[in-house]
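Enquirer: Take a look at this one; I'll ask things after.
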Amino acid sequence: MAEFGNPDVVEESVDVLLIGGGMACCGAGFEIMRWIEAAKKEKGVDISVKLVDKAAMDRSGAVAQGLSAINTYIGSEQDPADYARMVSNDLMGITRDDLAYDLGRHVDESVHLFEEWGLPIWKTDENGERFDGSKGMTSLKDGGKPVRSGKWQIMINGESYKWIVAEATKKALGTDRIQERVFIVKLVNDKNDPSRIAGAVGFSTRDHKLFVYKAKAILLAAGGCVNIFRPRSVGEGTGRAWYPVWNAGSTYSMAAEAGAELTLMENRFVPTRFKDGYGPVGAWFLLFKSQATNAVGETYMTRNKEMLDDYPPYGQAAVPASCLRNHLMLKEMKEGRGPIWMDTVTALANLRETLSPREVKHLEAEAWEDFLDMCVGQCGIWVGENIEPEKKNSELMPTEPYLLGSHSGCCGIWTSGPTDVGAPTAETEAGVPDHLPAGWNWGYRGMTTVKGLFTAGDGVGASGHKFSSGSHAEGRMAAKSMVQYVLDNQDYNPELDTAVEDLVAAIYQPVKTYLEHKDYTTAIDVNPNYITPKMLQFRLQKIMDEYVAGVATYYTTNAHMMEVAGEKLDMLKEDAEKMRAKDLHELLRAWENYHRILTAEAHLKHIEFRQESRYPGFYYRADKNFVDEENWHCFVNSIYDKESKKWTCFKRAHVDLVDKSK
Ligand code: FAD
């Protein structure tokens, strides 16, 4: 019988494996069935599929708590080229227009599906009056007008957003094709072709079971990465972060180990949020027209406006790049004019001048609802600190850095773009290692540089601002391509490059370490033969915070600091081999840490390679504190070699496909 340290090993073969149960995999899981049915009907080919999620899909991923806005909806008033322009400017000019444009022309379809499945979307009528929820009103698909909180955002009643989206996926796939509470640890390459994917291994976080999957195509969409930097919330606040704590860089690390090319891993997102609760600010800025000020009530975006001129053209756009908005705020903090305030009092007073008392009351309720929908902890802070937003302003704070590719960040995996949008060819791709596909499209939308390995959502690099709707749409696009890939590779028979016993031994090593040494001391956490996952995580966070531009140094680093960080990370990796797992929960924590360390290392290597500070306000290299458009207006990409454990960074040319002068 299976017991701790001696798990049952379940081997399974499928054609398509979906890793993750977030917005991207929900999109893929929903979409794939129609292409599988078409393949059966038209070609007589049976294609099998399975979705695995480390958590329970109804509340997994970044949308777990719900959201109050869908941040990407193009609508009839904008076009995908505008969207690609916005994405590019916000991410300091270096994004893939082919990916952004392609997303822009498909994303609305996902939003229409959400509405069809029952998600209440706010609407306005012909008189401009707003309705929270869409009951009885014309659907978006049929021309209904959404309430926009910003140019690209639309308001929803979204506490149950993830539940609704997951339900549709469950219905499409059927629950037999879904396995929850399985943490995927490693991807496995093909024995006969190392540049091809052949499977994945993981373990149940509930039972003593280990799963070995063989698959022809895999969608790796396990979200972004949090908790590689020491969070501002420590001690009594441990566990609070802006980004959901369960996405641990699995997407980036597993792809890197499988040999996939990563892109822009130097990019990070440092959101400015309500202090301590990490509550969202979008509705306050966009819907209530609130201003952020320094301690003495000066609007820093006006006071420090000329600083934007140092970064043309990104600083001079109607909405300056997100990192630059932080840059202007950080000046106030560094020069001692903090704290920074969200001036909710003035915003609500201004609204009172134009709106009726009933409407203002309604808006105040919406302010609370904004938190209740997506960040309930912030309500706790407001209640606990006696904050009534109409009477007392709230403090803002830039958070610790996070790595992600679908929100306001663009790190991730280098993927194949659409076939019908012009993109660079082999000639413009000088300097790219020979074994990699040249250009931006090598056949299957969403495929990485490893054959058969696809990604979506936070996984796709160089194309941020997709958000929940875009990640779902990208998952759907990947699903269609994967079915095509399986059809084109029907003769392929995946063979794992590592023996199953070796995979099992590697995954359960932290358990073995614990069982072997646990009786050496009487205090379970104090033992010279092992380190607890919690302590190891603290060490990683300390290194990244103090040397790789965390909050401790106001997001500043330099070549010397990064050299020290590299040495310390090497030692941390040695000690990571000695992590213990005293139960399945710690085994999960141990492997999350492995994924975090590799992701952190990629981040460090990319910042070291890029000889400039491309994202001022998100990070500064004090020794290269400028944006160098002449030499560094390019992608920084990397390849990790799992044998030598070395990273190779290189440049890829950047080309604008959309006219940015408009
Ligand atoms: P996720 O949805 O995060 O899904 C990742 C999935 O992978 C999860 O199911 C997780 O359990 C699983 N997983 C992780 N590791 C493993 C592993 N090793 N093995 C198996 N499974 C694994 N978008 C909007 O439109 N509007 C908003 O207001 C908005 N606010 C946001 C606020 C925050 C704090 C954040 C973080 C994001 C917000 N977004 C918003 C963006 C949106 O949530 C993301 O773009 C979207 O969820 C990304 O989809 P994904 O599938 O890539 O990742």
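Here the sequence shown is numbered in the working numbering, starting from 1282 and rising by one per residue.
C-beta atoms are modelled at their ideal positions from N, C-alpha and C, and glycine is treated no differently.
Small disclaimer: the values here were computed from a predicted structure and weren't measured.
#1: So, with DSSP's three-state summary, where would you put Arg1618?
#2: Do Val1507 and Gly1483 count as a contact pair if the criterion is CB distance below 9 Å?
#3: Would you call Ala1648 buried or exposed, if buried means 16 or more other Cβ atoms sit within 10 Å of its Cβ?
#4: On the DSSP bridge list, what partners appear for Trp1928?
#5: Could you tell me whether the Cβ atoms of Ile1509 and Arg1820 are closer together than 9 Å?
#6: Could you pull the DSSP bridge partners for Ala1573 from this structure?
#7: Which residues in the same chain have their Cβ closer than 7 Å to the Cβ of Ala1345, if we skip the five residues on either side of it in sequence?
#8: In this structure, what does DSSP give as the bridge partners for Arg1411?
#9: Who pairs with Val1295 in a beta bridge, going by DSSP?
#10: Quick one: grab the DSSP three-state call for Cys1307.
#11: For Asp1289, is the classification buried or exposed, using 16 other Cβ atoms within 10 angstroms of its Cβ as the cut-off for buried?
#12: The ligand FAD and His1866: does the residue's C-beta get closer than 8 Å to at least one heavy atom of that ligand?
#13: Going along the chain, which residues of its own chain have a beta-carbon closer than 6 Å to the beta-carbon of Ser1531, five neighbours each way excluded?
#14: If you measure from the CB of Asp1334, is any heavy atom of the ligand FAD nearer than 8 Å?
#15: Going straight from the alpha carbon of His1746 to that of Glu1882, what length do you get?
#16: Cβ of Trp1695 versus every heavy atom of the ligand FAD: is any distance shorter than 8 Å?
#17: Hey, quick one: how far does the beta strand (DSSP E) through Asp1334 stretch, first residue to last?
#18: Is Gly1504 helix, strand or coil by DSSP?
#19: Entirely within the region 1764 to 1826 and at least 4 residues each: give me those alpha helix (DSSP H) ranges in chain order.
#20: Does the beta-carbon of Asn1528, which I'm using as the reference point, lie nearer than 8 Å to any heavy atom of the ligand FAD?
#21: Who does Val1344 pair with in a DSSP beta bridge?
#22: Which one of Asn1808, Glu1613, Leu1394 and Asp1806 has the shortest CA to CA distance from Ser1750?
#23: From which residue to which residue does the beta strand (DSSP E) around Lys1467 run?
#24: Should Glu1681 and Arg1895 be called a contact, given that it needs their Cβ atoms to be closer than 9 Å?
#25: In angstroms, rounded to a whole number, what distance separates the CA positions of Met1418 and Glu1410?
#26: How long is the line joining the alpha carbons of Ala1449 and Asp1296, rounded to whole angstroms?
#27: To the nearest angstrom, report how far apart Pro1361 and Ile1694 are at their CA atoms.
#28: Could you pull the start and end residues of the beta strand (DSSP E) that Gly1540 belongs to?
#29: If I'm right that Ile1435 touches Val1428 with Cβ under 8 Å, what's the distance once you round it to whole angstroms?
#30: Which same chain residues, not among the five before or five after Ala1337, have their C-beta less than 6 Å away from its C-beta?
#31: Is Asn1352 near the ligand FAD, with its Cβ less than 8 Å from a heavy atom?
#32: At what residue ranges does the region 1856 to 1905 contain a whole run of the beta strand (DSSP E), taking only runs of 3 or more?
#33: Mind listing, in chain order, the continuous beta strand (DSSP E) runs of no fewer than 3 residues lying wholly within the region 1552 to 1609?
#34: What separation, rounded to the nearest whole angstrom, lies between the Cα atoms of Val1326 and Ala1381?
#35: Any idea if Val1231 is buried or exposed, counting beta-carbon neighbours within 10 angstroms, 16 or more meaning buried?
#36: Taking contact to mean 3 or more Cβ pairs, one atom from each stretch, closer than 8 Å, check whether the region 1826 to 1839 and the region 1903 to 1917 are in contact.
Expert: Put simply:
#1: coil
#2: no
#3: buried
#4: Tyr1921
#5: no
#6: Met1623
#7: Lys1443 and Pro1525
#8: Thr1405
#9: Ala1496
#10: helix
#11: exposed
#12: no
#13: Ala1503 and His1876
#14: yes
#15: 24 Å
#16: no
#17: Val1330 to Asp1334
#18: coil
#19: 1781 to 1788 and 1790 to 1798
#20: yes
#21: Beta-bridge pairing links Val1344 to no other residue.
#22: Leu1394
#23: Val1463 to Asn1470
#24: no
#25: 12 Å
#26: 22 Å
#27: 22 Å
#28: Run containing Gly1540: none; DSSP gives neither H nor E here.
#29: 6 Å
#30: Glu1461
#31: yes
#32: none
#33: 1553 to 1555
#34: 33 Å
#35: Any question about residue 1231 goes unanswered here, given that the chain covers just 1282 to 1943.
#36: yes
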